[in-house]
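Asks: Handing you this structure, nothing more for now.
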Amino acid sequence: NVDLEQIPAAVRSYTEFRGKRCTMPLLADTFALYYNKKLLADAGFAAPPKTMSELAEMTKKLTKRSADGKIDVAGFVPFLGTYQSVAEHFTPSYGAKWLKPDGNANFADDPAFTAMLNWQKSLVDWFGADNLTRFQAGLGDEWSAQHAFETGKIAMMVDGEWRTSFIKNNGNKVEYGTAPMPAADSRTDLYGAGAIGGNIIGVPKGAKHAEAGWKLVKFLSTDTAALVSFADALHNVPTTLAALKSPDLQLAKDPLFKPFLDVFAHPASSSLPATVDGGAYLTSFGEFADKWQKGKVPDLAAGLRQLAKENDAALKLGS
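All residue numbers for the sequence shown refer to our numbering, where the first residue is -12 and numbers rise by one.
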């Protein structure tokens, strides 16, 4: 007696496998753009970017370098592996689909991956990969008050909803705004969408008190009041549309948090599909993307084809 339509499709996707429900979602993380209001205003910008070309243009104007070319302030860091700048937080802006319906990799056949990687590499080249490597090495810890966005070293970044709470707990040292991630110039219809991930809860196979366990799981994952209370306490996104729309949800009254709720409700937002090998495709893609951004992939199309081939072979072996 659970209305699964109350859970967005992207969230249903990462809690099931091959059409079989495995777990229930229990709060979610969504990702959006954070921007330093003062730095943008000083550079003449009245609003955050809405397209990837605007993001690149603004990044260049916001970036400050010392006389020797060292990056003092980065408008945006396109270097994958820097904080939450990872491939899966960019792909929703392009509408990229990680897997085909048969479960095989879609990297080589979906032009969205090529478009995303070319945009990213173009901006990396503008900075210089070596410059970004040095800049990255000097950044403060992601989970501390020395985070580079909070200290004014990064003007714009992609991050999860939890960062709003971190910034507040660290004393609100930065005046900032939040907005959806920019969309690809060819997919402006995707503006407002983003990446979704989150926590799961379920009853283990062979559980001694499976029926009682399910009652608890059902309550925690579907009861509106419980989800609202839990979300407000942890500063995460509630995982049903009813909880999202509840007048009791205090997070909805925070303009800095609202974009993350909107991302969750957007029909084009996406999550990472489950695979039998535990999502190994994401690890292999990340390793490939790191080589790409450092100039070690001479032919992107050929590289993606080989990556997909290796991924499919490994998936077949493990299934």
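Just so it is clear, CB atoms sit at the ideal spot from N, CA and C, and this is done for glycine as well.
1. Taking 8 Å as the cut-off, is the beta-carbon of Arg5 closer than that to any non-hydrogen atom of the ligand SAM?
2. Hey, would you say Leu83 sits closer than 9 Å to Asp299, going by beta carbons?
3. Rounded to whole angstroms, what is the Cα-Cα separation between Leu243 and Ser216?
4. Starting from Asn223, follow the beta strand (DSSP E) in both directions and report where the run begins and ends.
5. In three-state terms, what does DSSP make of Arg174?
6. Cβ of Ala171 within 9 Å of Cβ of Thr262?
7. Could you tell me which residues DSSP pairs with Ala19 in its beta bridges?
8. Nearest CA to the CA of Thr307: which residue from Gly266, Val204, Asp286?
9. Tell me the DSSP secondary structure of Asn156 in three-state form.
10. Among all the DSSP beta bridges, which residues are the ones paired with Glu3?
11. Just to confirm before moving on: does the CB-CB distance between Leu119 and Phe66 stay below 9 Å?
12. Tell me the rounded alpha-carbon separation between Arg292 and Phe94.
13. Under the rule that 16 or more other beta-carbon atoms within 10 Å means buried, what is Asp146, buried or exposed?
14. Leaving out the 5 sequence neighbours to the left and right, which residues in its chain are closer than 7 Å to Thr138 when beta-carbon positions are compared?
15. If you follow the alpha helix (DSSP H) that Val111 is part of, which residue opens it and which one closes it?
16. Go through the segment 179 to 256 residue by residue and report every complete run of the alpha helix (DSSP H) that reaches 4 residues or more, in order.
17. On a CA-only basis, which of Leu177, Gly158, Ala142, Ser173 is nearest Thr165? Give me that one, please.
18. If I measure Cβ to Cβ from Arg174 and keep anything under 7 Å in the same chain, skipping five residues before and after, which residues do I get?
19. Pick helix, strand or coil for Gly62, following the three-state DSSP scheme.
20. List the endpoints of the continuous alpha helix (DSSP H) containing Ala267.
21. Please report how far the alpha carbon of Leu26 lies from the alpha carbon of Ser256, in whole angstroms.
22. Let's see if you can read the secondary structure: which residues bound the beta strand (DSSP E) around Ala28?
23. Nearest to Glu3 by CA position, among Ala239, Gly189, Asp55, is which residue?
24. Helix, strand or coil, according to DSSP, for Ser53 in the structure here?
25. Please determine, among Ser40, Gly282, Pro225, the residue with the shortest C-alpha to C-alpha distance to Ala15.
26. Counting beta carbon pairs with one atom in the segment 220 to 240 and one in the segment -9 to 1, are three or more of them shorter than 8 Å?
27. Would DSSP call Gly127 helix, strand or coil?
28. Hey, would you say Ala182 sits closer than 9 Å to Thr46, going by beta carbons?
29. Between which two residues does the beta strand (DSSP E) containing Gly393 stretch?
30. Measure the CB-CB distance between Tyr1 and Pro12 and report whether it falls below 9 Å.
31. Can you tell me whether Gly290 is helix, strand or coil according to DSSP?
32. With DSSP as the reference, please indicate the residues paired to Ile141 in a beta bridge.
Replies: By the coordinates alone:
1. The model on display carries no ligand, and the ligand SAM is accordingly not part of it.
2. In the sequence as presented, Leu is not what sits at residue 83; that position holds Ala. For Ala83 and Asp299, no; Cβs fall outside 9 Å.
3. 19 Å
4. From DSSP, Asn223 is part of no beta strand (DSSP E); its letter is neither H nor E.
5. helix
6. no
7. Asp146
8. Because residue 307 is not part of the residues shown, which for the chain are -12 to 306, the question remains open.
9. helix
10. Arg8
11. yes
12. 7 Å
13. buried
14. Gly127
15. 98 to 114
16. 197 to 209, 211 to 221, 228 to 231, 245 to 252
17. Ala142
18. Tyr81, Gly82
19. strand
20. 267 to 280
21. 29 Å
22. Segment 24 to 29 is the alpha helix (DSSP H) holding Ala28; no beta strand (DSSP E) there.
23. Gly189
24. coil
25. Pro225
26. yes
27. coil
28. no
29. This structure gives no information on residue 393, because the portion of the chain shown stretches from -12 to 306.
30. yes
31. helix
32. Ala61
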